[in-house]
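Colleague:
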Amino acid sequence: MGTWVDFESVKEAVTVRQVLGHYGITDLKEKGDELRGRCPIHQSDGERSFHINVGKKAFFCFSCQAKGNLIDFVVAMDKCSFREAALRMQEWFGLAVGKDRQASAPATGSELVREKRVGDNPSTDEGANNGQKGPNKPLGFELRGIVHDYLYLDSRGITKETAETFGVGLFAGKGSMQGRVVIPIHNAAGELLAYAGRAIDNTEPRYKLPAGFHKSLELYNLHRAIATGQRGLIVVEGFFDCMKVHQAGYPFVVALMGCSMSEEQERLLVAHAEMVLLMLDGDEAGQKGTDEIMLRLGRSVWTKTVTVPAGLQPDQMSSDELKGLLS
Numbered sequence: 378m379g380t381w382v383d384f385e386s387v388k389e390a391v392t393v394r395q396v397l398g399h400y401g402i403t404d405l406k407e408k409g410d411e412l413r414g415r416c417p418i419h420q421s422d423g424e425r426s427f428h429i430n431v432g433k434k435a436f437f438c439f440s441c442q443a444k445g446n447l448i449d450f451v452v453a454m455d456k457c458s459f460r461e462a463a464l465r466m467q468e469w470f471g472l473a474v475g476k477d478r479q480a481s482a483p484a485t486g487s488e489l490v491r492e493k494r495v496g497d498n499p500s501t502d503e504g505a506n507n508g509q510k511g512p513n514k515p516l517g518f519e520l521r522g523i524v525h526d527y528l529y530l531d532s533r534g535i536t537k538e539t540a541e542t543f544g545v546g547l548f549a550g551k552g553s554m555q556g557r558v559v560i561p562i563h564n565a566a567g568e569l570l571a572y573a574g575r576a577i578d579n580t581e582p583r584y585k586l587p588a589g590f591h592k593s594l595e596l597y598n599l600h601r602a603i604a605t606g607q608r609g610l611i612v613v614e615g616f617f618d619c620m621k622v623h624q625a626g627y628p629f630v631v632a633l634m635g636c637s638m639s640e641e642q643e644r645l646l647v648a649h650a651e652m653v654l655l656m657l658d659g660d661e662a663g664q665k666g667t668d669e670i671m672l673r674l675g676r677s678v679w680t681k682t683v684t685v686p687a688g689l690q691p692d693q694m695s696s697d698e699l700k701g702l703l704s
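Note that the sequence shown covers residues 378 to 704 in my numbering.
1) Between L464, E643, L397, S458, which lies nearest to W381 when the distance is taken from Cα to Cα?
2) If you drop the 5 nearest sequence neighbours on each side, which residues of the same chain put their C-beta closer than 6 angstroms to that of H525?
3) Mind the definition here: the region 587-603 touches the region 626-634 only if three or more C-beta pairs lie below 8 angstroms; say whether that holds.
4) On the DSSP letters alone, give me the boundaries of the alpha helix (DSSP H) that W381 sits inside.
5) Considering just the uninterrupted stretch of the beta strand (DSSP E) at F427, what are its terminal residues?
6) Taking R583 as the reference, which of A573, K665, F590, L596 has the closest Cα?
7) Helix, strand or coil for V387? Go by DSSP, reduced to three states.
8) Helix, strand or coil for Q554, going by three-state DSSP, please let me know.
9) Please report the Cβ distance between L448 and V393, rounded to the nearest whole angstrom; I am assuming they are in contact, meaning their Cβ atoms lie under 8 angstroms.
10) Would you call the region 605-615 and the region 644-657 touching, i.e. three or more CB-CB distances under 8 angstroms?
11) What is the DSSP secondary structure of T682, counted as helix, strand or coil?
12) Using DSSP bridges, identify the partner residues of E411.
13) For P417, count neighbouring C-beta atoms within 10 Å of its own C-beta (all shown protein chains included) and say buried if the count is 16 or more, exposed if not.
14) Using only the alpha-carbon positions, how far apart do V683 and Q664 sit?
15) In chain order, what residues of the same chain have a beta carbon less than 6 angstroms from the beta carbon of I560, not counting five sequence neighbours either side?
16) If you count every other CB in all the chains shown that lies within 10 Å of the CB of Q420, and 16 or more means buried, which is it?
17) What are the boundary residues of the alpha helix (DSSP H) that includes M652?
18) Would you call the region 670-677 in contact with the region 575-594, where contact means no fewer than 3 C-beta pairs closer than 8 angstroms?
19) If you measure between the beta carbons of L699 and V622, is that distance less than 9 angstroms?
20) So, under 8 angstroms CB-CB, P515 and L569 are touching, yes? Tell me the CB distance rounded to an integer number of Å.
21) Less than 7 angstroms between C-beta atoms, sequence neighbours within five positions excluded: which residues of the same chain meet that for T680?
22) Between which two residues does the beta strand (DSSP E) containing R575 stretch?
23) Suppose the cutoff is 6 angstroms on Cβ atoms and the five residues either side in sequence are ignored; what does the same chain contact list for E468 look like?
24) Have a look at G445 and V391 and give me their C-alpha separation to the nearest angstrom.
25) Distance check for L586 and H376, CA to CA, integer angstroms please.
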């Protein structure tokens, strides 16, 4: 049996700019929702014969009359079948789909979220995600080509075993997450919702998150913490804080993905914990967040603070140091 391909999901998941980027097409000019220029299919001389609509993901050439969706575009460029084109797109852009599962593409370069400091916790500012939020939808795909024993993770004190547990590693595939350490984010039921991409050099932004993902609706690692059966939760700020605390022997740890607690995160904590240990960063923002969360959460759950040394964050501490604080 051949590899399963969901044509509609591939068309929905992959963007115009990803496909054009794959072919190195950079000379099209923007006009409203369209990109126009020389036709890359038949290499026309007409400066404006080729039009491709970014929103509708449809193209048309007034010279060669080629038209269709993004899969049709790959068919025309590579002279292959429709099925082969869709399979190639799945491979190019890191989509791993199966029957009854919907594909979705990695975040594009414009789908970013800022961070609160020059550290490793994404910002609480969700940009375009502010306002009315619907639930985060499961991705229905998994990135392939993730290297768990990458040197960067070792430099952060993350063992290969921990990296494999969290599914974290360098993404060696193609797409906007290429060359970043990707961090899978799940909901309380364990469904994969998004990938955060952490730069390993001085590339900005330090973190990438998909534009449609609302991190204020989730607690990172909650599904694993629930699986321990513990009714006490340790709460930290960032992804790597969470991994280091888990690695130190405390798997019932979750991360806010920032230094503040949303109403939905508060609801999740109250629903799944009878005791909460707040262990936010040892900086001004962490202290302010601790004070605010204590006032709110303490009304419903037994809450205690764990003081991280000034200027440090949990992921910068050794397992022995973390055990010393948490014991």
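Ideal placement from N, C-alpha and C gives every residue a C-beta, glycine not left out. These figures come from a predicted structure and were not determined experimentally.
Modeller: Taking the structure as given:
1) Translated into positions along the sequence shown, residue 381 becomes position 4. Nearest option by C-alpha distance: L464.
2) For the purposes of this step, residue 525 is taken as the residue at position 148 of the sequence shown. Correct list, in chain order: K537, A540, E541, G546.
3) yes
4) Counting from 1 along the sequence shown, the entry for residue 381 is found at position 4. Careful: W381 lies outside any alpha helix (DSSP H) and carries neither H nor E.
5) As a first step, residue 427 is located in the sequence shown; it is residue number 50 there, counting from the start. 427-430 is the extent of the beta strand (DSSP E) around F427.
6) As a first step, residue 583 must be located in the sequence shown, where it is residue number 206. The candidate whose alpha carbon is nearest that of R583 is A573.
7) Here residue 387 refers to the residue found at position 10 when the sequence shown is read from its first residue. Helix.
8) Indexing the sequence shown from 1 puts residue 554 at position 177. A small correction: the amino acid at residue 554 is Met; Gln does not occupy that position in the sequence shown. Three-state result, M554: coil.
9) Translated into positions along the sequence shown, residue 448 becomes position 71. Translated into positions along the sequence shown, residue 393 becomes position 16. Reading off the sequence shown, one finds Ile at residue 448, where the question assumed Leu. Actually they are not in contact, since the Cβ atoms of I448 and V393 sit about 12 angstroms apart, beyond 8 angstroms.
10) yes
11) By 1-based counting over the sequence shown, the position of residue 682 is 305. It is a strand residue.
12) In the sequence shown, counting from the first residue as 1, residue 411 sits at position 34. BP columns for E411 point to K408, N430.
13) Looking up residue 417 in the sequence shown gives position 40. Buried, because 16 or more other Cβ atoms sit within 10 Å of the Cβ of P417.
14) As a first step, residue 683 must be located in the sequence shown, where it is residue number 306. As a first step, residue 664 must be located in the sequence shown, where it is residue number 287. So the alpha carbons of these two residues sit roughly 11 angstroms apart.
15) Along the sequence shown, one-based indexing puts residue 560 at 183. Correct list, in chain order: V545, A573, F616.
16) Working through the sequence shown from its first residue, we reach residue 420 at position 43. Its Cβ having fewer than 16 others within 10 Å, Q420 is exposed.
17) Counted from its first residue, the sequence shown places residue 652 at position 275. Taken as a continuous stretch (DSSP letters only), M652 belongs to no alpha helix (DSSP H), being part of the beta strand (DSSP E) at 652-655.
18) no
19) Along the sequence shown, read from residue 1 onward, the residue named residue 699 stands at position 322. Along the sequence shown, read from residue 1 onward, the residue named residue 622 stands at position 245. Closer than 9 angstroms, so yes.
20) Along the sequence shown, one-based indexing puts residue 515 at 138. Along the sequence shown, one-based indexing puts residue 569 at 192. With a Cβ gap of about 6 angstroms, P515 and L569 count as contacting.
21) Translated into positions along the sequence shown, residue 680 becomes position 303. Counting only Cβ-Cβ distances below 7 angstroms, and skipping sequence neighbours, we find V653, L655, M671, L674.
22) If you number the sequence shown from 1, residue 575 lands on position 198. Start and end: 569-575.
23) In the sequence shown, counting from the first residue as 1, residue 468 sits at position 91. Counting only Cβ-Cβ distances below 6 angstroms, and skipping sequence neighbours, we find nothing.
24) Translated into positions along the sequence shown, residue 445 becomes position 68. Translated into positions along the sequence shown, residue 391 becomes position 14. For G445 and V391, the distance between alpha carbons rounds to 15 angstroms.
25) Given a span of 378 to 704 for the chain in the structure shown, any question on residue 376 remains unanswerable.
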